[in-house]
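Take a look at the structure set out below.
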């Protein structure tokens, strides 16, 4: 029996070592779809389930006091890990601490559920349901945005606009298509931005990136636009010459802006932009001295007319 136990322990160490390393290195970038990053973070459940199995193989958990000692140790280790992550540019996450506890709790339930008080199991169970619901909602929103092709944003569906809702107000006053537009106020700052991160990512097979914008003021307004793909982070290091950049002056009234997709694809200096992996569209004003509101509508991809 002992050789089998040793073999089982070794098998537990095989995935554990790289999993612990991933707490500090690797992982999806900030430009991966949110559902992918959410799923990655839920890996804390599996990691600490594995840690608990390994603990139990060395120090069998047979009583409530031993179970609480294990959970207390998991809590302490989790707090230390999250604190260390702050030193390498990552954020402290209480949600990840909670996921670690849930991972340990799940294994303890399989060992002997009577060791865990009902109130503790209920609290961690509710937290698990909440976390799984968050994963489902994030995945559903990703699917919703990616399935609207060729629409990138038309402000008609509150659920699909939820991801960037804090950057605009839905309006019915100035509309070019449908019932609603997005009123974006660029406030005084070094760079005042309106950013669509994780928009429709596959721009292959289209002729133009198009959008309608309304300038309600009586003056010319200078507006800049930048577009980049996933490789812009990994290979381009966010350099100006590694993305698409353009600026225009908007006279009062409505404007329909059309930008050839080929211009976007060829914008990076040393490569072609990956049109299957567009991750951000950003409009911005440089150092506006007063709040400036523009109305955006019907942000879309278009094909050549037949």
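Residue numbers (the working numbering): 7 to 312.
All residues carry an ideal CB built from backbone N, CA and C; glycine is no exception.
Since we're looking at a predicted model, the values are computed, not measured.
Tell me which same chain residues have a C-beta within less than 7 Å of the C-beta of residue i, skipping the five on either side of it?
i	result
residue 9	Low local confidence applies: a pLDDT of 41 at residue 9 is under 50, so the model's placement there is unreliable, and no value is given.
residue 312	Per-residue confidence for residue 312 stands at a pLDDT of 43, beneath the threshold of 50, marking its modelled position as unreliable; the derived number appears in the next sentence. Hits under 7 Å: none found.
residue 46	33 and 34
residue 246	none
residue 260	182, 218 and 220
residue 133	104 and 108
residue 39	148 and 204
residue 90	none
So, residue i versus residue j, is the Cβ gap smaller than 9 Å?
i	j	result
residue 128	residue 76	no
residue 209	residue 307	yes
residue 263	residue 301	no
residue 168	residue 141	no
residue 220	residue 180	yes
residue 256	residue 229	yes
residue 117	residue 80	no
residue 43	residue 122	no
residue 341	residue 251	Because the chain is modelled from 7 through 312, residue 341 falls outside the range shown and cannot be assessed.
residue 163	residue 150	yes
residue 270	residue 281	yes
residue 291	residue 189	no
residue 207	residue 288	no
residue 295	residue 222	no
Might you give, ordered along the chain, the residues of its own chain that have their beta carbon closer than 6 Å to the beta carbon of residue i, omitting 5 neighbours on each side?
i	result
residue 234	249 and 286
residue 84	103 and 106
residue 297	191 and 193
residue 37	236, 239 and 285
residue 130	108 and 111
residue 98	88 and 92
residue 7	With a pLDDT of only 32 at residue 7, under 50, the local geometry of the prediction cannot be trusted, and the value read off the model is given with reservation. Once the five neighbours on either side are set aside, residue 7 has no close Cβ partner at all.
residue 278	271
residue 173	200
residue 176	161 and 186
residue 310	213
residue 119	none
residue 126	none
residue 86	none
Does any CB atom of chain D fall closer than 9 Å to the CB of residue i?
i	result
residue 270	As a matter of chain content, chain D is missing from the structure shown, which is built from one protein chain.
Residue i bridges to which residues according to DSSP?
i	result
residue 256	227
residue 188	176 and 302
residue 284	235
residue 42	For residue 42, which the question treats as bridged, DSSP gives no partner whatsoever.
residue 218	262 and 303
residue 198	291
Kindly give me the distance between the Cβ atoms of residue i and residue j, rounded to whole angstroms, as I take these residues to be in contact under 8 Å.
i	j	result
residue 236	residue 283	4 Å
residue 195	residue 303	Incorrect: roughly 24 Å between the Cβ atoms, too far for contact.
residue 58	residue 138	Rounded, the Cβ-Cβ distance is 19 Å, inconsistent with contact.
residue 144	residue 41	5 Å
What does a CB cutoff of less than 8 Å around residue i pick up in its chain, not counting 5 residues either side in sequence?
i	result
residue 25	49, 52, 53 and 56
residue 225	258
residue 183	160, 218, 303 and 304
residue 227	221, 255, 256, 291, 298 and 300
Do the region 195-203 and the region 264-275 touch if we need at least three Cβ pairs shorter than 8 Å?
no
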